[in-house]
Amino acid sequence: MVTTFHEGKYTDDVREVYATLLSMNVGVKNIENVIKTVLEKLGGLKVERLPKKTFAEYMMVEAKALAQIQAAEAMLNSNFNTLHTDGTKRMGREFGGLQVGTDSGQLSLGISELVSGNTESFLKMIDQILSDMGSLLETDEDIAVKKAKLLLSVKNLMTDRHIVNTCLKNCLEKMRFECVPEDGDTPEEVRTKVAKLNGFKCNLHVIVNFASQAEIGLKQWEKNISNLDNVEDNNVNFTYNQSTTDFIRACCKLCVPGADEKSGYGSLFRTFLSDNNIDLKLTTFHGHRINLLFAMGASVFFHKDNIYEFIDLYFEKENRNNLLKAVANYVKNPMYLAGCRAFGIVDKLFTGPLWRIIENADHILDLNQVWEQFKGFLEIYSQDATDLVEGKILYKNYTNIDEIFGCLFAVEDEELNILTTEALQIILLNFQLILERQLSDCLPGGILNEKTDGIDINLREQSKSVATTNIISERDFANLDRLQREKPNANLIALEVNLTQNEKIEAVKTQLKFRKKVLHMNVEDKTLLQFSSNTISFSLAELISNLKVLIHLNINVDNAQSGTKDTCIIFCIKSKEEREQIMEKQRELICIKLNEIKIKQNPPPVCEPVQKKPRKSNSNKSNYQSQNHDNVEETDFVVSKPSETYTPKSIALKAGQYIAVAYIDTWYPGQILSVKNDLLVQVKFLCPSQNMGNLFKWTQKDDISVVENIFIFCSDFEVKAKDSGGRTRVLTNYDTICSEYKKYYNTYFV
1 MVTTFHEGKY
11 TDDVREVYAT
21 LLSMNVGVKN
31 IENVIKTVLE
41 KLGGLKVERL
51 PKKTFAEYMM
61 VEAKALAQIQ
71 AAEAMLNSNF
81 NTLHTDGTKR
91 MGREFGGLQV
101 GTDSGQLSLG
111 ISELVSGNTE
121 SFLKMIDQIL
131 SDMGSLLETD
141 EDIAVKKAKL
151 LLSVKNLMTD
161 RHIVNTCLKN
171 CLEKMRFECV
181 PEDGDTPEEV
191 RTKVAKLNGF
201 KCNLHVIVNF
211 ASQAEIGLKQ
221 WEKNISNLDN
231 VEDNNVNFTY
241 NQSTTDFIRA
251 CCKLCVPGAD
261 EKSGYGSLFR
271 TFLSDNNIDL
281 KLTTFHGHRI
291 NLLFAMGASV
301 FFHKDNIYEF
311 IDLYFEKENR
321 NNLLKAVANY
331 VKNPMYLAGC
341 RAFGIVDKLF
351 TGPLWRIIEN
361 ADHILDLNQV
371 WEQFKGFLEI
381 YSQDATDLVE
391 GKILYKNYTN
401 IDEIFGCLFA
411 VEDEELNILT
421 TEALQIILLN
431 FQLILERQLS
441 DCLPGGILNE
451 KTDGIDINLR
461 EQSKSVATTN
471 IISERDFANL
481 DRLQREKPNA
491 NLIALEVNLT
501 QNEKIEAVKT
511 QLKFRKKVLH
521 MNVEDKTLLQ
531 FSSNTISFSL
541 AELISNLKVL
551 IHLNINVDNA
561 QSGTKDTCII
571 FCIKSKEERE
581 QIMEKQRELI
591 CIKLNEIKIK
601 QNPPPVCEPV
611 QKKPRKSNSN
621 KSNYQSQNHD
631 NVEETDFVVS
641 KPSETYTPKS
651 IALKAGQYIA
661 VAYIDTWYPG
671 QILSVKNDLL
681 VQVKFLCPSQ
691 NMGNLFKWTQ
701 KDDISVVENI
711 FIFCSDFEVK
721 AKDSGGRTRV
731 LTNYDTICSE
741 YKKYYNTYFV
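Take 1 as the starting number for the sequence shown in full-length UniProt numbering and just add one per residue.
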């Protein structure tokens, strides 16, 4: 019999199990039956009693409250916070999301259903969420006072580029003005200055609007130069007006599996490509997703010959449906091919590199110079784009050179080159319209440009928590879509918990394990590093409390360099910033060991080697430790066998290349985004799947770090999709990578 109820309440084990299952999207109605079934069928155990649905629902509310407490404390402990907000419509229902950027990172505050997407609805949502957070803070102050403190901790606003956000900023400034303490010594001008918000807008939405404007401009160009008698086919019924965009959309519907179940032949086309050892570069076309129009234009141009051959081989003219007829008509027309090629060149030379620059910028104000340079490019090449058509690279470190890149610039057809040049100039001219209209604040003379006269000299410090994009809001809505598909009957609180539960049980336990077993943290109160006491497990709230105590312990971090055990470095394996800190210490060790290995491999001529018997597998470790002892005259060490020692390799690094990076806990695969110099590269990491070997996936939030080349130990592998979904990946030469890492670890980390 499993005991679940003790001294008038359910045990903490029960609470932990319920919290874990809820975080795994188990419905509140099913948790009881799931636990009983597992215990009875697999364990042969009977359960004394279990909480019902209401208990699980209360735990949902509790989890949301914990998340909001964490966010409120982070806001009050941080200066110049950034408020993120966005709205969306799902199945006729309007939703608004609120997030915050603090010194400690970005946190989700909540999602609410709105009456409409106007300014008034968003203000009510913000006011309600901040009031809820204020009521949870453990102080004796009035809720209104605590809400005012939270609101005044915000100095920046990050939104998309919808017109409603300008009005929202003005209304929030009025709310902040009312929260500023009023006394006789504080002039109204000072209160107004304190209440002022820095209104930043998502930089990626500029690329979205580039696509919309480019489509309009290119349609007009096509209309002006096309001969309708030559372009139209009376046997083709076009779903949309003929255009390059419709050509791209039609190709995606025809050639992408699942894009059009009625008229498409995606699976057949993918098989056709596989027989010719060609990878499918197309994906489902969803309106104007960021850079999608330009990227798919490049892919359509890459597959143009494959599409033509596929239609001609498998489908007789009289038996083709309207989609096949439309694509067959498009793919033979040089004007639409030139439009696709122009879109592809924009992707490779402009928007693709620009996207990477935006995501990798250290500070949002650094992008002002990027946009100014971008404007200069537009002014030059909108007049004459010949150099671009010939393949001139503008952003060397951020340009992905692949087979599509080569296809776009390996064209000898003079007519196609002329049409592409004209189309490209039209597109860049329309880019200028968007740039001057939407980025005037960031260009010279703008209110967010540090070079403008009269700008607050503290603007850079005030905006340090501002992200370059509003991606956190978009990510919350993407998670909302996923959760609604997985749990269509869940209410909004249940969905919010999954979006805002920033500290879960496993994450907290991992932190405690790391401090105990890796950092060897030694504290007087041993229970701070434990998960239970007297056979009763600690609750999530207790674990979080213990972790906070450990984090704030005033332990001398300098002891880490002297090798003492009583050291606590605030470090998290999954944190990019802290991971880079620990790797900096490892870099020093590796450099020392590299020098030692060189000395061992090339001893001074006066020293004769001492013949030794083969050592055991732990000889490396003992010899390395002996070098740190006082017996410096002893030279009877033995260099590891070649099969057990890692030999540094000279790897030619380039953007788009997959590499394996060594860390002290394990190794991680990733893709090089850019090569900064001879020593540093920027890497986007894959995340290993739990309890699986060769199985990785891209994280929802990009894990991007700058890595020194001394930590890159292998590049001789490829990353391939495991299934049609494309998110789960497997590595070729996986066993070889593991073997190389073992050698690297034994050589440098032991």
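Even for Gly, the Cβ is constructed at its ideal location relative to N, Cα and C.
Under the three-state DSSP convention, the category residue i falls into
i: F247; result: helix
i: V17; result: helix
i: E178; result: helix
i: T283; result: coil
i: N455; result: The identity of residue 455 in the sequence shown is Ile, whereas the question assumes Asn. Three-state result, I455: coil.
i: V675; result: strand
i: N277; result: coil
i: D142; result: coil
i: C607; result: The predicted position of C607 is uncertain, since its pLDDT is 40 and thus under 50; a value taken from the coordinates is nonetheless stated next. Coil.
i: S212; result: helix
i: E415; result: helix
i: Y395; result: coil
i: C442; result: coil
i: L168; result: helix
i: G376; result: helix
i: V28; result: coil
i: M1; result: coil
i: I651; result: coil
Cβ-Cβ distance between residue i and residue j below 8 Å
i: F302; j: K281; result: yes
i: C252; j: G297; result: no
i: C202; j: N417; result: no
i: L157; j: G199; result: yes
i: G97; j: D456; result: no
i: E355; j: N306; result: It is worth fixing the name first, because residue 355 is Trp in this sequence and not Glu. Not in contact: W355 and N306 (Cβ atoms no closer than 8 Å).
i: Y18; j: M59; result: yes
i: S78; j: S463; result: no
i: E740; j: F696; result: no
CA-to-CA distance, residue j to residue i, given in whole angstroms
i: I573; j: V661; result: Unreliable positioning characterises I573 in this predicted model, as indicated by a pLDDT of 39, which lies under 50. The coordinate reading is nonetheless provided below. Answer to the nearest angstrom: the Cα atoms are 14 Å apart.
i: V389; j: T421; result: 6 Å
i: Y668; j: C687; result: 7 Å
i: Y395; j: L349; result: 7 Å
i: K53; j: I710; result: 54 Å
i: V34; j: E57; result: 16 Å
i: Q561; j: L136; result: Annotation note: pLDDT 38 at Q561 (below 50); position unreliable, no value reported.
i: D702; j: L21; result: 26 Å
i: K451; j: I704; result: 30 Å
i: R90; j: N479; result: 13 Å
i: P187; j: V194; result: 11 Å
i: D132; j: G101; result: 18 Å
i: D453; j: I447; result: 9 Å
i: R270; j: A259; result: 13 Å
i: N458; j: N449; result: 12 Å
i: T119; j: K375; result: 32 Å
i: N400; j: L419; result: 24 Å
i: I592; j: I659; result: 24 Å
i: P181; j: L76; result: 17 Å
i: S643; j: K743; result: The predicted model places S643 with a pLDDT of 49, which falls under 50 and marks its position as unreliable; any figure quoted below should be read in that light. Cα to Cα, S643 sits roughly 8 Å from K743.
i: S112; j: D481; result: 14 Å
i: Y314; j: S650; result: 48 Å
DSSP bridge partner residues for residue i (one or two, in chain order)
i: H162; result: Per DSSP, none; premise fails for H162.
i: H6; result: K9
i: K201; result: T159
i: S473; result: Paired residue(s): none; S473 is not in a bridge.
i: L292; result: Answer is none; L292 lacks a bridge partner.
i: I659; result: G670
i: V154; result: N81
i: C687; result: K697
i: V190; result: According to DSSP, V190 bridges with nothing at all.
i: L680; result: E708
Min CB distance residue i to chain B below 8 Å
i: A652; result: In the displayed structure, chain B is absent; only one protein chain is listed.
Please give the ranges of any beta strand (DSSP E) in the segment 692-743, keeping only runs that are unbroken, at least 3 residues long and fully inside the region.
Secondary structure within the segment 692-743: the beta strand (DSSP E) runs of 3 or more consecutive residues, fully enclosed, are 696-698, 704-708, 712-714, 719-721, 728-731 (chain order).
Within the segment 43-121, note down every full beta strand (DSSP E) run reaching 3 residues or more, in order along the chain.
Segments of the beta strand (DSSP E) lying fully in the segment 43-121: 81-90, 93-102, 105-114.
At which residue ranges does the segment 291-360 contain complete alpha helix (DSSP H) runs of 4 or more residues, listed in the order of the chain?
292-302, 304-314, 322-330, 334-346, 352-360
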